[in-house]
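Accompanying notes for the structure given below.
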Amino acid sequence: MRERQPVRDNYDAVIDLAISEELGAYANLIVKFTYKISNGFCVLDKPEPLYHDMRDENIQPRLKAGTDFWPIKLMTDVVVQGSAFAPGGTPIEKMEVSIRVGKRLKRIAVFGRREIIWDRQGRPCIEEPEPFFKMPLIYENAYGGIDWRVAVEDAESPEMQLRLQTDHPGMYPRNPFGKGYLVVDGEVPDMEMPNLEDPDDLLTAERLIVGDPALWYRQPLPWCFDWVHPYTFPRYLYFLDDVDAWFPGPEDEDMPEVQRGFLNRKYRSRPEVRSSDNGPHPMFYQEASYGMIFSNLRHGEEIVITGMHPEKTEIAFRLPDAPPELELEIEASKEEVKPNLHSVICKPSEEKVILVYGGLRELPRLFIPGIHKDIPIAGYVNGDRPLVYEAPPTVKEKIEEARKKDESNGA
Numbered sequence: 132m133r134e135r136q137p138v139r140d141n142y143d144a145v146i147d148l149a150i151s152e153e154l155g156a157y158a159n160l161i162v163k164f165t166y167k168i169s170n171g172f173c174v175l176d177k178p179e180p181l182y183h184d185m186r187d188e189n190i191q192p193r194l195k196a197g198t199d200f201w202p203i204k205l206m207t208d209v210v211v212q213g214s215a216f217a218p219g220g221t222p223i224e225k226m227e228v229s230i231r232v233g234k235r236l237k238r239i240a241v242f243g244r245r246e247i248i249w250d251r252q253g254r255p256c257i258e259e260p261e262p263f264f265k266m267p268l269i270y271e272n273a274y275g276g277i278d279w280r281v282a283v284e285d286a287e288s289p290e291m292q293l294r295l296q297t298d299h300p301g302m303y304p305r306n307p308f309g310k311g312y313l314v315v316d317g318e319v320p321d322m323e324m325p326n327l328e329d330p331d332d333l334l335t336a337e338r339l340i341v342g343d344p345a346l347w348y349r350q351p352l353p354w355c356f357d358w359v360h361p362y363t364f365p366r367y368l369y370f371l372d373d374v375d376a377w378f379p380g381p382e383d384e385d386m387p388e389v390q391r392g393f394l395n396r397k398y399r400s401r402p403e404v405r406s407s408d409n410g411p412h413p414m415f416y417q418e419a420s421y422g423m424i425f426s427n428l429r430h431g432e433e434i435v436i437t438g439m440h441p442e443k444t445e446i447a448f449r450l451p452d453a454p455p456e457l458e459l460e461i462e463a464s465k466e467e468v469k470p471n472l473h474s475v476i477c478k479p480s481e482e483k484v485i486l487v488y489g490g491l492r493e494l495p496r497l498f499i500p501g502i503h504k505d506i507p508i509a510g511y512v513n514g515d516r517p518l519v520y521e522a523p524p525t526v527k528e529k530i531e532e533a534r535k536k537d538e539s540n541g542a
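The opening residue of the sequence shown carries number 132 in this note's numbering; numbering runs sequentially from there.
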């Protein structure tokens, strides 16, 4: 598959059509700017292409963390990608990294490799961390995983075999990709502790064994700055009405996400979280980690990241003072549209930050890609030359192409 190339020298952008219960049919313009951080400010740099076009049926997997192609976001995701670096270049056993966005602060305790061992009484113990110079801040290094020892009832039935292809009762719903999640008592060779933890809710030896897989929700949250995978709790609650953890957790303050303000009470039964016939609820499109989704992130806001550059203690910068000017033209009628800041992706070791914006406009009439051959829609970014919507081949054209191919093969 050919790698996407930016459509302009200083940004990438795409126009698409979408539909929702609230807005009906609309056109949306998505724009991606890439900046270098220079003296605390964002300076336009060579653009990175829009990431993971899940509209392409040839892409596998279709859903992937961090796509830029969501048609709408209600809020702004702030993500930090990279590694923790030992201060001064000297390997260290543990350290702390952080991001501050305005007044909001999130910290991560970072540890070197720690093996879980068992004493003579069969109790789990945590070894001292090994020194490290660089530790990737990814969900594979956060708390989570799958305890395959958890029993599966009626495991041989066709229905259960189908379900076990994507789920398991021993799976940690918040992060099945991590490490350290143990449900069943008993020694597990080469088991490791997570390298990334919430400094205010550390995993102790006493908390290692969950005991009952239905009590997964009592365990620490996976603590990271990166994109959240689509098939993890609580994000997947917004995908389809019947998607949930194998053992659904409580909907009150016994659930840490509710207690800490990341989920509302009665989150599962509230109608605003459910999907519709037109697709997932828009909250499914929010992909940032716990505490890193912002309802009103201001332009000019200061962001400070510590511990994630190989030479500098911190990387600090301010977001651009103003959003871009976006316009959408439909059937020769041009209107300015509000630019909504979808994502802020920080790459501190590269001293780079990426901003993705979206703007939308309701359609005066319904255009159906694949049916309508000509769909007269164009987008404008900061008064630049128009970006024209490219309608896909129509069904009629595809049938005609297939007929000609069959005739050619027959000849």
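Glycine is no exception: its CB is placed at the ideal position from the N, C-alpha and C atoms.
ask   = For V117, which beta-bridge partners are listed by DSSP?
value = Residue coverage of the chain in this structure runs from 132 to 542, which leaves residue 117 outside it and unanswerable.
Cβ-based burial, M386 [other Cβ within 10 Å; buried from 16] = The sequence position of residue 386 within the sequence shown is 255, counting from 1. Buried: at least 16 other Cβ atoms inside 10 Å.
request  = Look at L333 and W354 and say whether their C-beta atoms are less than 7 Å apart.
outcome  = Numbered from its first residue, the sequence shown carries residue 333 at position 202. Numbered from its first residue, the sequence shown carries residue 354 at position 223. Going by C-beta atoms, L333 is not nearer than 7 Å to W354.
request  = Can you tell me which of D515, G490, K529, P218 puts its alpha carbon nearest to the alpha carbon of L205?
outcome  = Position 74 of the sequence shown, counted from the start, is the residue given in the question as residue 205. Ranking D515, G490, K529, P218 by Cα distance to L205 puts G490 first.
task = With R294 as the anchor, note down where its beta strand (DSSP E) starts and where it stops.
result = If you number the sequence shown from 1, residue 294 lands on position 163. Element bounds for R294: not the beta strand (DSSP E) but the alpha helix (DSSP H), 289 to 294.
query = What number of angstroms, rounded off, separates the C-alpha of P304 from the C-alpha of P379?
reply = On the sequence shown, residue 304 is found 173 positions in, with the first residue counted as 1. On the sequence shown, residue 379 is found 248 positions in, with the first residue counted as 1. C-alpha separation (whole angstroms): 10 Å.
inquiry  = At the level of alpha carbons, what is the spacing between F216 and I230?
reply    = Position 85 of the sequence shown, counted from the start, is the residue given in the question as residue 216. Position 99 of the sequence shown, counted from the start, is the residue given in the question as residue 230. The alpha-carbon atoms of F216 and I230 are separated by roughly 14 Å.
Proximity below 7 Å, CB of P381 to CB of P344 = Looking up residue 381 in the sequence shown gives position 250. Looking up residue 344 in the sequence shown gives position 213. It is not a contact, given that the beta carbons lie outside the stated cut-off.
query = The alpha helix (DSSP H) spanning P387 covers which residue range?
reply = Walking along the sequence shown from the start, residue 387 turns up at place 256. Start and end: 387 to 390.
request  = Could you tell me which of R238, P218, D250, E271 sits nearest to R244, measuring between CA atoms?
outcome  = Taking the sequence shown and counting its residues from 1, one reaches residue 244 at position 113. Here the closest residue by C-alpha is E271.
message = With a threshold of 6 Å on Cβ separation, who are the neighbours of M302 within its own chain once the five nearest residues in sequence on each side are excluded?
response = Translated into positions along the sequence shown, residue 302 becomes position 171. Same-chain partners within the cutoff: I277.
task = Specify the secondary structure class of A336 as computed by DSSP and reduced to three states.
result = Counted from its first residue, the sequence shown places residue 336 at position 205. Residue state, collapsed to three classes: helix.
request  = Grab me the residues of Y142's own chain with a C-beta within less than 7 Å of its C-beta, minus the 5 sequence neighbours each way, in chain order.
outcome  = In the sequence shown, the residue the question calls residue 142 occupies position 11. Counting only Cβ-Cβ distances below 7 Å, and skipping sequence neighbours, we find V162, K163, F164, P178, V512.
ask   = Does DSSP put P413 in a helix, in a strand, or in coil?
value = Counted from its first residue, the sequence shown places residue 413 at position 282. It is helical.
ask   = Roughly how far, in whole angstroms, is the beta-carbon of G275 from the beta-carbon of G309, given that I think they are within contact range, below 8 Å?
value = The residue given as residue 275 occupies position 144 in the sequence shown. The residue given as residue 309 occupies position 178 in the sequence shown. The pair is a contact, with the Cβ atoms about 3 Å apart (cut-off 8 Å).
ask   = Can you give the Cα-Cα distance for I436 and P413, rounded to whole angstroms?
value = Within the sequence shown, residue 436 is the residue found at index 305, counting from 1. Within the sequence shown, residue 413 is the residue found at index 282, counting from 1. Distance between the alpha carbons of I436 and P413 is about 28 Å.
Sequence-distant residues of its chain with Cβ nearer than 7 Å to P262 (five each side left out) = As a position in the sequence shown, residue 262 is number 131, starting the count at 1. Closer than 7 Å at Cβ, skipping near neighbours: P222, I223, E224, G243.
query = Got a sec, what are the start and stop residues for the beta strand (DSSP E) Y488 sits in?
reply = Translated into the one-based positions of the sequence shown, residue 488 becomes position 357. Y488 -> beta strand (DSSP E) spans 483 to 493.
query = Thinking just about the alpha-carbon of each residue, which of D373, D285, P307 is nearest to the one in I269?
reply = Position 138 of the sequence shown, counted from the start, is the residue given in the question as residue 269. Ranking the options by Cα distance to I269, first place goes to P307.
task = Following the continuous beta strand (DSSP E) through F74, name the residue where it begins and the one where it ends.
result = Lying outside 132 to 542, the shown extent of the chain, residue 74 is not represented and no answer is given.
query = So, helix, strand or coil for D373, using DSSP?
reply = Your numbering for residue 373 matches position 242 in the sequence shown. If DSSP states are grouped into helix, strand and coil, D373 belongs with coil.
query = Start and end of the beta strand (DSSP E) containing K225?
reply = To locate residue 225, count along the sequence shown from 1; it is residue 94. Element bounds for K225: 225 to 232.
message = Let's test the definition: count the other Cβ atoms within 10 Å of the Cβ of T198 and tell me whether it reaches 16, buried, or not, exposed.
response = As a working mapping, residue 198 is identified with position 67 in the sequence shown. When all chains shown are included, T198 counts as buried.
query = Taking the beta strand (DSSP E) that M423 falls in, what are its first and last residues?
reply = Your numbering for residue 423 matches position 292 in the sequence shown. From DSSP, M423 is part of no beta strand (DSSP E); its letter is neither H nor E.
request  = For the beta strand (DSSP E) holding P473, just list the boundary residues, first then last.
outcome  = As a first step, residue 473 is located in the sequence shown; it is residue number 342 there, counting from the start. Checking the sequence, you will find His at residue 473 rather than Pro. Its beta strand (DSSP E) spans residues 471 to 478.
message = Per the DSSP calculation, F216 is bridged to which residue(s)?
response = Residue 216 sits at position 85 when you count from the first residue of the sequence shown. DSSP output for F216 lists K265 as bridge partner(s).
task = Hey, could you find the ends of the beta strand (DSSP E) C256 is sitting in?
result = Start at 1 with the first residue of the sequence shown, and residue 256 comes out as number 125. 255 to 257 is the span of the beta strand (DSSP E), which, as asked, contains C256.
Neighbour-count burial assignment, T363, 16 or more Cβ in a 10 Å radius = Position 232 of the sequence shown holds residue 363. Under this definition T363 is a buried residue.
message = Going by beta-carbon coordinates alone, are L518 and R492 separated by less than 7 Å?
response = Position 387 of the sequence shown, counted from the start, is the residue given in the question as residue 518. Position 361 of the sequence shown, counted from the start, is the residue given in the question as residue 492. No, they are not a contact pair.
task = Would you kindly report the start and end of the unbroken beta strand (DSSP E) that includes W249?
result = The residue labelled residue 249 in the question sits at position 118 within the sequence shown. Note, W249: beta strand (DSSP E), 247 to 249.
inquiry  = Quick check on the burial criterion: 16 or more other C-beta atoms within 10 angstroms. Buried or exposed for R366?
reply    = As a working note, residue 366 is residue 235 in the sequence shown. By the neighbour-count rule (16 or more Cβ atoms within 10 Å), R366 is buried.
query = Tell me the DSSP bridge mates of A509?
reply = The count along the sequence shown starts at 1 and reaches residue 509 at position 378. E460, V519.
Assumed close pair G422, K237 - CB separation to whole angstroms, cut-off 8 Å = On the sequence shown, position 291 is the one that residue 422 refers to. On the sequence shown, position 106 is the one that residue 237 refers to. Yes, G422 and K237 are in contact; Cβ-Cβ is about 5 Å, under 8 Å.
key: 8 Å CB neighbourhood of P330 in its chain, flanking five on each side removed   = On the sequence shown, position 199 is the one that residue 330 refers to. E227, R238, I239, A240, listed in sequence order.
Within 7 Å, strictly: CB atoms of F415 and Y369 = Here the question's residue 415 lines up with position 284 in the sequence shown. Here the question's residue 369 lines up with position 238 in the sequence shown. Contact flag set, yes.
ask   = Among E482, R516, I424, I446, which has the Cα closest to the Cα of V210?
value = As a first step, residue 210 must be located in the sequence shown, where it is residue number 79. For V210, the nearest C-alpha among the options comes from I424.
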